[in-house]
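Enquirer: Residue numbers (the numbering used here), protein chains in the order written: chain G, 58 to 204; chain A, 58 to 204.
Every residue gets a Cβ at the ideal spot worked out from N, C-alpha and C, and that includes glycine.
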DNA sequence: CTTTTTGACTTTCTCTGACTTTCAACATAT
DNA sequence: ATATGTTGAAAGTCAGAGAAAGTCAAAAAG
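This is how it looks when you write it as structure tokens:
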């Protein structure tokens, strides 16, 4: 079996504890596998591309490291699923419930939550009941699509 | 973990009581972390730059010290200024112009831009002309307040 | 030919210490 | 009493050493 495949597998196993980001040290890992450090770069650039669902960051210098994040696209699936299930109308209360769900599933961050909430709040819309819930549904779904 | 990161964190924790300015003594801090004093300068110059929202002053000599102030960059002032100058109504075109200004001044990022735009677009609001521009103005201003 | 492996060279970030500058307090001379 | 000099206690600067990671092209393997 190829070195690269072994290293790939090793790195992927690091995600097994359920964390969505792991950190490695290039030299340390290279030493562990008895290969040159740049082999690690090779593995990362061929096996942990964005198109494969990973996002990579790094820092050089003393205490430097490489961080690999798993970007789960279940997020998008989940959002699409929600959007499909939101009808033509949405109350402010519905929005609150959805937002707190999203937050607890890490679908959105707190800033996005605030924006969603404020853009769809009764005070901001200030429309008649029948219009309000319809406009709110449209704004909410369209914003979600862009998160 | 790097020395610099630890010192950075320590200093940032000093702000935790809500104060917007803290004072340290370079030598004392260096001693506390068992590093050379100039390491403190390094941390300050790399982690407490104006672009990161901090303003630093110091005094040498007996009883000298370093003061670090948290400055809310004029980003907020600018946003407030804009909000005040937006009237009761706002067209989709106005929004486009404002958004591209914000982007070029780094007041918002592209994601926020998308959310602002989508939440205020004609297609999403789908309201009569007179209502539309009023609702749009309210949504836009309130979202801006939360960015 | 394509993918993998290797290593020489580069870039970035951190840490350190020697040397410099500034300030306040105290001392001395006019 | 005022001005000047001295000293010690800070903080500042800067360049070099060290610690990672990045790049790229040649060699090797498949």
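Using a C-beta to C-beta distance shorter than 8 angstroms, which residues of chain A count as neighbours of residue 195 (chain G)?
Expert: Within chain A, the residues near residue 195 (chain G) are 181, 182, 183.
Enquirer: Run the CB neighbour count on residue 60 (chain G), radius 10 Å, all protein chains shown included, and call it buried at 16 or more, exposed below.
Expert: Result: exposed.
Enquirer: For residue 46 (chain A), which three-state DSSP category applies?
Expert: The structure shown does not extend to residue 46 (chain A), since chain A spans only 58 to 204, so no value can be given for it.
Enquirer: Does any CB atom of chain G fall closer than 8 angstroms to the CB of residue 147 (chain A)?
Expert: No, its Cβ sits nowhere closer than 8 angstroms to a Cβ of chain G.
Enquirer: Quick one: measure Cβ to Cβ for residue 100 (chain G) and residue 112 (chain G), integer angstroms, because I've assumed they're closer than 8 angstroms.
Expert: Contact flag wrong, Cβ pair sits at about 16 angstroms.
Enquirer: Could you give the DSSP three-state label for residue 93 (chain A): helix, strand or coil?
Expert: If DSSP states are grouped into helix, strand and coil, residue 93 (chain A) belongs with coil.
Enquirer: Would you mind telling me which residues of chain G sit closer than 9 angstroms to residue 117 (chain A), beta carbon to beta carbon, in chain order?
Expert: None at all; the shortest Cβ gap to chain G is about 29 angstroms.
Enquirer: Taking C-alpha atoms, which residue in G:103, G:82, G:204, G:75 lies nearest to residue 58 (chain A)?
Expert: When each option's Cα is compared against that of residue 58 (chain A), the closest is G:82.
Enquirer: Give the DSSP-derived three-state secondary structure of residue 104 (chain A) in the structure shown.
Expert: Helix.
Enquirer: Between the beta-carbon of residue 194 (chain G) and the beta-carbon of residue 143 (chain G), is there less than 8 angstroms?
Expert: In this structure, residue 143 (chain G) lies closer than 8 angstroms to residue 194 (chain G) by Cβ.
Enquirer: Output yes if chain G places a C-beta closer than 8 angstroms to the C-beta of residue 199 (chain A); else output no.
Expert: Residue 199 (chain A) counts as touching chain G.
Enquirer: Please go through the same chain and pick out, in chain order, the residues whose beta-carbon is closer than 7 angstroms to the beta-carbon of residue 181 (chain A), but skip the five residues on each side of it.
Expert: Contacts found: 175.
Enquirer: Could you tell me whether any Cβ in chain A is nearer than 8 angstroms to the Cβ of residue 84 (chain G)?
Expert: Not closer than 8 angstroms to any Cβ of chain A, the Cβ of residue 84 (chain G) fails to qualify, so no.
Enquirer: Relative to chain G, which residues along the segment 87 to 107 of chain A have a C-beta separation below 7 angstroms, given in chain order?
Expert: Those would be none; no residue qualifies.
Enquirer: Exposed or buried, which one is residue 177 (chain A) when buried takes at least 16 other CB atoms within 10 Å?
Expert: Classification for residue 177 (chain A): buried.
Enquirer: Do residue 115 (chain G) and residue 124 (chain G) count as a contact pair if the criterion is CB distance below 8 angstroms?
Expert: Result yes, Cβ atoms of residue 124 (chain G) and residue 115 (chain G) sit closer than 8 angstroms.
Enquirer: Would you kindly work out how many angstroms separate the C-alpha atoms of residue 187 (chain A) and residue 172 (chain A), rounded to a whole number?
Expert: Near 23 angstroms, if we compare the C-alpha coordinates of residue 172 (chain A) and residue 187 (chain A).
Enquirer: Is it buried or exposed, residue 91 (chain G), if we count other Cβ atoms within 10 angstroms and call 16 or more buried?
Expert: The residue is exposed, with fewer than 16 neighbouring Cβ atoms inside 10 Å.
Enquirer: At 8 angstroms on the CB atoms, spell out the chain A contacts of residue 171 (chain G), in chain order.
Expert: Chain A residues near residue 171 (chain G): 203.
Enquirer: Check whether the Cβ of residue 137 (chain A) lies closer than 8 angstroms to any Cβ atom in chain G.
Expert: Closer than 8 angstroms: no.
Enquirer: On a Cα-Cα basis, can you pick out the residue from A:85, A:154, A:148 that is closest to residue 183 (chain A)?
Expert: Considering only alpha carbons, the answer is A:148.
Enquirer: Show which residues of chain A have a CB atom less than 9 angstroms away from the CB atom of residue 120 (chain G).
Expert: Per Cβ cutoff of 9 angstroms: 58, 59, 60, 61, 62.
Enquirer: Let me check one thing: in DSSP terms, what residues is residue 113 (chain G) bridge-paired to?
Expert: DSSP lists G:125 as partners of residue 113 (chain G).
Enquirer: Who are the Cβ neighbours of residue 179 (chain A) in its own chain at under 6 angstroms, not counting the five residues just before and after it?
Expert: Cβ within range, chain order: 149.
Enquirer: If the criterion is Cβ atoms closer than 8 angstroms, does the pair residue 196 (chain A) and residue 136 (chain A) meet it?
Expert: The answer is no: Cβ separation not under 8 angstroms.
Enquirer: Which of the three DSSP states is assigned to residue 204 (chain G) in this structure?
Expert: It is coil, neither helix nor strand.
Enquirer: Compute the distance between the beta-carbons of residue 191 (chain G) and residue 146 (chain G), then report whether it is under 8 angstroms.
Expert: Going by C-beta atoms, residue 191 (chain G) is nearer than 8 angstroms to residue 146 (chain G).
Enquirer: Can you check whether the CB of residue 126 (chain A) is closer than 8 angstroms to the CB of residue 77 (chain A)?
Expert: Yes; because the gap between Cβ atoms is below 8 angstroms, this pair is in contact.
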